[in-house]
Structure formats: C-alpha cells, structure tokens
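The structure appears right after this line, and notes come after that.
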Amino acid sequence: MGWMLLSVIFTAIIIFSFSWTVLALIRQRKLSEMKSDFVNNMTHELRTPVSAISLASEMLLKPMVLSNREKVEKYASLIFDQNNRMRSLVEHVLQVSAFDRHEYRLNLAEVDVHEMIDDLVASFRLIVEDRGGSITLKTEADRSLLVGDRLYLTNILSSVIDNAEKYSPAKPQIVISTRSSEHGIYIIVSDNGVGMTASQRKLIFQKFYRVPTGNKHNIKGYGLGLYNAQVLAKAHGGSLTVTSELGRGSTFSLYLPYGESRNSDYIS
Ligand SMILES: Nc1ncnc2c1ncn2[C@@H]1O[C@H](COP(=O)(O)OP(=O)(O)O)[C@@H](O)[C@H]1O
Ligand SMILES: [Mg+2]
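Going by numbering that gives the first Met the number 0, the letters in the sequence shown line up with residues 0 to 267, in that order.
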C-alpha cells in the first residue's frame, strides 16, 4: 500500500514537472515571437524616417535648393518632423527598459485632471473629427486635483485615447468621463471600435502584445503603450483596467488616488 502511494506521488510529481516545463517553453516561445514581431515592426518604422531624412538633407546640400528659401523650409521641416517621429519611438523603447529596471522617478506635483484632459482632447479632436467622429466630454468629478506626475499621467491618457481612435475603424465615437470616489478619481474612456475577446483582453497589458489582425488592417504600433500605461498607473497607486466586447467597443478605466498632499487648499 505504502509503495503504491509513493509511486502515485512520484508519478504526479513527474507529470507536474513535465507540464510545467512544456508550459514554460510555450510561454518563452510566445514571448520570443512577440519580440521578433516588435523588432520587425521597429525596423520598418525606423526605415521610413531614416530614408526621408537622408533624402531631405541631400536635397538641402544642393546649391539650387539652398538658394530657394521655400524649398529650404520644406526640407528642414520634413527633417524636423521625421526626427520627432524617431525620437518618440526611441523614447517609448527607453521608457520600457527603464520600467523593467525600476529606474524611473515620479515628479510629483499638483495636477488638475480636468485641465489635463482638456489639453489632450484639443489635439485628438482634430484627428477624430477629421475622420467624421467625435469626442464627448463628461467631466463630472467634483474634485479634479490630485498629486501625480503630470507628464506620465498625460502619457497614460494619451495612449488610451490614441488607441480608442486607432482601433475604431468606423467614425470614432469616443466618450471621456470622470467621476469622483472617496479616495480618488476615475477617468473612463470608451469607444465604439473593434473591441476584443475575453482572452485578448487579458493580454493587452503585456509588453509587446498586439491583437493579431492578419493583414486586414495595418495599424501601426509596438504593443508597448498599454504596458507602459499600466505600470505608470500602478506607480501612482492607481489602476488601469478594461471591459470590452468584440465588435462593439472597449472601455478603459483609469483610477488615480488623490495622492498624499491633503492640504487645506482644497478641502471642499
Ligand atoms: N481601444 C481599443 N480597442 C480595441 N483594441 C485595443 C484598444 N486598445 C488597445 N487594443 C489592443 O491592445 C493592443 C495593445 O495596445 P498598446 O499597448 O497600446 O499597443 P499598440 O497600440 O502599439 O499596438 C493593441 O495592439 C490592440 O490590439
Ligand atoms: Mg497603443
């Protein structure tokens, strides 16, 4: 009887270790696939600005062009724009590696969330309205001041709003609302876009993950925006979550606590 029990335990251990190893291998492979997708994507993304800059600067060196002020301006601004594009890509990647090594610091200051949303929406509205869509604001929180890193908070929201626009193939109808709770503020961004399945929903905050679309629509991205956004939300003591329905749209909910500075300035 004793040896039977022992052999059952032993077999169980072997089966367990085997499955564990297989699972680990699958996970590794998934990650390496995602990484190679990312590298391909990035190489592709870098190639365009690099060749554009090279062509534009070559043009700038021509005496014919140099003497024409309008052309000089055209090529200089092209170089400027393409360089900005590259810089934002590089910053994205650097940010991820800084997060991985926990090498980042929050520059805490008082931030007015409603003001921040207004600023952001002003720039996104142009893109969305150009596509025949709309952004509706329902800033209903009765307290919008909190302590946080303004730049990082802007990054989080900007990633979420950017996605709402990118992943809405029809006219994007984006609604941004805020709501106060006892210890913090909820910022909710909903769209009428492609949505996602429950299993995709669980993966979108992972580094490099992008919902596979085949070659149907070619939407640019690196799968890093939401990873960064969630790390930053947590660093603020908050959270970033999603609910979504495939084909119907998605709703992202960012919760941010008011933060430590509870001074008398804004006791309501
Ligand atoms: N609002 C949304 N609607 C549908 N899918 C989304 C939405 N936001 C994110 N996703 C999915 O989650 C993935 C990861 O998002 P993100 O980290 O921002 O990376 P990226 O936008 O660069 O692909 C996206 O590739 C997309 O498949
Ligand atoms: Mg994104």
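Glycine included, every Cβ here is placed at the ideal spot set by N, Cα and C.
Nonlocal neighbours in the same chain, by C-beta distance under 8 Å from residue i, ignoring five residues either side
i: Ala-108; result: Val-146, Gly-147, Asp-148 and Arg-149
i: Ala-11; result: none
i: Ser-167; result: Gly-132, Ile-173, Asp-190, Asn-191, Gly-192, Val-193 and Gly-248
i: Ser-56; result: Tyr-74 and Ile-78
Nonlocal neighbours in the same chain, by C-beta distance under 6 Å from residue i, ignoring five residues either side
i: Ile-186; result: Thr-177 and Leu-253
i: Ser-158; result: Gly-224 and Ala-228
i: Ser-18; result: none
Beta carbon of residue i nearer than 9 Å to that of residue j
i: Gly-248; j: Asn-191; result: yes
i: Val-174; j: Ile-134; result: yes
i: Val-112; j: Ala-75; result: no
i: Tyr-136; j: Val-120; result: In the sequence under discussion, the amino acid at residue 136 is Leu, which differs from the Tyr named in the question. Yes, these two residues count as a Cβ contact at 9 Å.
i: Ile-160; j: Leu-255; result: no
i: Leu-59; j: Val-71; result: yes
i: Tyr-221; j: Leu-144; result: no
Residue i CB to nearest heavy atom of ligand 1 below 8 Å
i: Phe-123; result: no
i: Ser-35; result: no
i: Phe-251; result: yes
Any non-hydrogen atom of ligand 2 closer than 8 Å to residue i Cβ
i: Gly-1; result: no
i: Ser-158; result: yes
i: Asn-162; result: yes
i: Lys-165; result: yes
Close beta carbons around residue i, own chain, < 7 Å, minus the five adjacent residues each side
i: Phe-15; result: none
> Does the pairing of the segment 199-214 with the segment 121-130 give three or more beta-carbon distances under 8 Å?
Replying inline: Verdict: no, contact absent.
> Going along the chain, which unbroken runs of the beta strand (DSSP E) with 3 or more residues stay wholly within the segment 86-131?
Replying inline: Correct list: 108-111.
>> Threshold first: 3 residues or longer. Then list the beta strand (DSSP E) segments lying entirely within the segment 215-256, N to C.
In response: Fully enclosed beta strand (DSSP E) runs of 3 or longer: 238-244 and 248-256.
> Does the segment 80-88 come close enough to the segment 43-52 that 3 or more CB-CB pairs lie under 8 Å?
Replying inline: Using a C-beta cut-off of 8 Å, the segment 43-52 makes contact with the segment 80-88, since at least three inter-stretch Cβ pairs fall below that distance.
>> Please give the ranges of any beta strand (DSSP E) in the segment 36-81, keeping only runs that are unbroken, at least 3 residues long and fully inside the region.
In response: Annotation note: the segment 36-81 contains no uninterrupted beta strand (DSSP E) run of length 3 or greater.
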